[in-house]
Amino acid sequence: MYSQEERCDVVSTAKSESRTPKRGPVEVTSAHEVARNPGMPLDLSVVQAVRVNKSAAERRVASLPGRRSIKADAQAAWLLNAVTCIDLTTLNGDDTQGRVKRLCAKAITPVRPDILAALGMADRRITTGAVCVYHRFVACAVEALEGTGIPVAAVSTGFPAGLTPHELKLKEIEASVADGASEIDIVITREHVLTGDWQALYDEMRDFREACGDAHVKAILATGDLKTLRNVARASMVCMMAGADFIKTSTGKEAQNATLLVTLVMLRMIRLYQSMTGFKVGYKPAGGISKAKDILVYQSLMKEELGRDWLRPNLFRIGASSLLADIERQLEHHVDGAYSAVKRHPIG
Numbered sequence: 042m043y044s045q046e047e048r049c050d051v052v053s054t055a056k057s058e059s060r061t062p063k064r065g066p067v068e069v070t071s072a073h074e075v076a077r078n079p080g081m082p083l084d085l086s087v088v089q090a091v092r093v094n095k096s097a098a099e100r101r102v103a104s105l106p107g108r109r110s111i112k113a114d115a116q117a118a119w120l121l122n123a124v125t126c127i128d129l130t131t132l133n134g135d136d137t138q139g140r141v142k143r144l145c146a147k148a149i150t151p152v153r154p155d156i157l158a159a160l161g162m163a164d165r166r167i168t169t170g171a172v173c174v175y176h177r178f179v180a181c182a183v184e185a186l187e188g189t190g191i192p193v194a195a196v197s198t199g200f201p202a203g204l205t206p207h208e209l210k211l212k213e214i215e216a217s218v219a220d221g222a223s224e225i226d227i228v229i230t231r232e233h234v235l236t237g238d239w240q241a242l243y244d245e246m247r248d249f250r251e252a253c254g255d256a257h258v259k260a261i262l263a264t265g266d267l268k269t270l271r272n273v274a275r276a277s278m279v280c281m282m283a284g285a286d287f288i289k290t291s292t293g294k295e296a297q298n299a300t301l302l303v304t305l306v307m308l309r310m311i312r313l314y315q316s317m318t319g320f321k322v323g324y325k326p327a328g329g330i331s332k333a334k335d336i337l338v339y340q341s342l343m344k345e346e347l348g349r350d351w352l353r354p355n356l357f358r359i360g361a362s363s364l365l366a367d368i369e370r371q372l373e374h375h376v377d378g379a380y381s382a383v384k385r386h387p388i389g
């Protein structure tokens, strides 16, 4: 849980745009169709000025589930959009090449063709945003996804704890890129945040960014380990200053993973960074998001805080596996009015 010390305003006073979701088909975009964030020199005056009003943030997110009700055809459209933003993930100790290949097959065809046809989407190519695996399985995933345009993301830098030596972290990144990963999900050293050593965090992140080369880099903050929302906000800003293309909540291995409260804080930092630099940084919640109803709320918050651009896979990803099965069940219910068994929607 986060401490009660947070008192000042959540940074950014920009007004959000229209709240009304549009009905209609999903707009499928390239996963990397956005100018990369080059970063900027570390500005400690900006970092130290960051404050979070915890009670105000809690009130903001508490109002979302009841106020943001998306129904009928609009719900189906939003769920299909969520599918295109999923980083379909397997990060288990018992992973095998067979499991990874099955996961890749699901990423290519995440929703059954008969369901898409019933929704009037048979002519649209719907895939997940990426497949996310350990370094060991990068080459396997790249081969399985060849010709599909689906990126392979590799967790790196001593995932999930991030406590391996720095030089080994850089070599791990370089090895994953050499094997074909076009996205690298790095984990930061939480000690830098907890001790307020923002220069060390910045330097580490710059090194990771350089090691990634042309591969996009997602900075995993492990927000459940950072103790306060202020730390979450400041770590978000420092990682963006250092060149992160995405900021990501969690490894999925912490006691507390993605929450709407943390999401609001990180989105406000993305908005502030864009106002400072003109560059758009993506956002990835990960861990614990397994229900279709939950991702509808996350998408609503993304749209209200950052706008429609952040509903596309080039700026929004969801680290998940079981979420896809629940979305497919909800889409099937939308078509025929009945819920099927979960076992009818295997992931890998």
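So in the working numbering the end of the sequence shown lands on 389, straight run, no missing numbers. Glycine residues also receive a C-beta, built at the ideal position from the N, C-alpha and C atoms.
CA-CA distance, residue i and residue j?
i, j, result
"Cys238", "Gly293", "Reading the sequence as shown, one finds Asp at residue 238 and not Cys. Roughly 25 Å separates the two Cα atoms."
"Glu295", "Gly265", "6 Å"
"Arg309", "Ala163", "37 Å"
"Lys325", "Pro354", "10 Å"
"Leu83", "Thr150", "42 Å"
"Val234", "Ala158", "49 Å"
"Arg370", "Tyr314", "38 Å"
"Arg177", "Asn133", "12 Å"
"Met246", "Trp351", "23 Å"
"Ala202", "Gly254", "23 Å"
"Ala148", "Ser341", "24 Å"
"Lys321", "Ala366", "30 Å"
"His374", "Glu346", "30 Å"
"Ala185", "Cys145", "6 Å"
"Ala256", "Val218", "7 Å"
"Thr169", "Gln138", "19 Å"
Round the Cβ separation of residue i and residue j to the nearest angstrom and send it over; I've been treating them as touching at under 8 Å.
i, j, result
"Ile26", "Ile336", "Residue 26 lies beyond the range of the chain shown here (42 to 389); nothing can be said about it."
"Val273", "Met307", "7 Å"
"Arg231", "Ala283", "So it is not a contact: roughly 16 Å between Cβ atoms."
For a cutoff of 7 Å on Cβ pairs, would you count residue i as touching chain C?
i, result
"Arg275", "Among the protein chains of the structure shown there is no chain C, as only one such chain exists."
Under the rule that 16 or more other beta-carbon atoms within 10 Å means buried, what is residue i, buried or exposed?
i, result
"Pro154", "exposed"
"Leu129", "buried"
"Gln116", "buried"
"Gly190", "exposed"
"Asp377", "exposed"
"Asp135", "exposed"
"Leu204", "exposed"
"Asp114", "exposed"
"Val383", "exposed"
"Ala327", "buried"
"Glu224", "buried"
"Ser104", "exposed"
"Ala391", "A query on residue 391 cannot be resolved here, the shown segment of the chain reaching from 42 to 389 and no further."
Take residue i and list the residues in its own chain whose beta-carbon comes closer than 7 Å to its own, dropping the five residues that flank it on each side.
i, result
"Arg385", "none"
"Ile221", "It should be noted that the sequence gives Gly, not Ile, for residue 221. Answer for Gly221: Val179, Ala180, Val183, Val193, listed in chain order."
Output needed for residue i: all residues of its chain with C-beta closer than 8 Å, excluding positions within five of it in sequence on either side, in chain order.
i, result
"Ile167", "Val67, Val69, Leu121, Val124, Thr125, Pro151, Val152, Leu157"
"Leu305", "Val51, Ala98, Arg101, Val102, Leu342, Glu346"
Between which residues of its own chain and residue i is the CB-CB distance below 6 Å, once the five residues before and five after are set aside?
i, result
"Pro404", "Lying before the first or after the last residue shown, residue 404 is absent from the chain, which here runs from 42 to 389."
### Query
Enumerated in chain order, which unbroken segments of the alpha helix (DSSP H) with a length of 4 residues or greater are wholly contained in the segment 312 to 355?
Scanning the segment 312 to 355 from its first residue to its last, the whole alpha helix (DSSP H) runs of 4-plus residues come out as 333 to 347.
### Query
Along the chain, which unbroken stretches of the beta strand (DSSP E) at least 3 residues long are found entirely within the segment 188 to 247?
List check, beta strand (DSSP E) in window: 193 to 197, 224 to 228.
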